[in-house]
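Residue numbers (our numbering): 12 to 81.
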């Protein structure tokens, strides 16, 4: 893409920094701009944002004792 709009590969590489709240303003702006223009990356990003809640839900699930008994 351009200097302000990073490639899909670059945006995926920025996700860890995004999660750690460590993106600089230019990276944050470029990522948001890219996501506005790229439906596949937007879908990937939305899935990525759901992961922490899914992990919390899985860890809070009480099926672990039943699995241990089996």
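Glycine included, each C-beta is placed from N, C-alpha and C at the ideal position.
Which residues bound the alpha helix (DSSP H) around residue 51? 50-71
Out of 46, 66 and 67, point me to the one whose CA is closest to residue 57's CA. 46
Expressed to the nearest angstrom, what Euclidean distance is found between the alpha-carbon atoms of residue 69 and residue 62? 10 Å
Considering Cα atoms alone, identify which of 35, 48 and 30 is closest to residue 59. 30
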